[in-house]
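Report on one structure; see the data block that follows.
In my numbering, the protein residues as written are 467 to 602.
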């Protein structure tokens, strides 16, 4: 049995790397974290650039829409102003010094002015009544 301890000493021990120290472990984790941060910063910068481009496009569209709305409001205002003008009568040459067209008087008013009594309207026959024969 005396040979056994000598053999154990003579056999080389497997090479095990020394365990990393706490400082080395912290440095490795910090380097990995910095890589993640660099990747995130690159992604954020790319997204920011894309958002700025889209914002610029949207601002142009908003400007175009604003111009269109202003033109539409101007057109509506012009139509409203045209509607406020009274309709023109082209009867009797009113634009060329003639008198404007006058409405025709009602027949009852003409009869009253002439001194004639207003004709009485004929009574309507009742529903289902026989029409009276006309006398000649």
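All residues carry an ideal CB built from backbone N, CA and C; glycine is no exception.
Quiz prompt | residue 508 to residue 514 span [Cα, whole Å] | solution = 10 Å
Quiz item: Can you give the Cα-Cα distance for residue 543 and residue 529, rounded to whole angstroms?
Solution: 21 Å
Practice problem: Please report how far the alpha carbon of residue 550 lies from the alpha carbon of residue 536, in whole angstroms. | Solution: 21 Å
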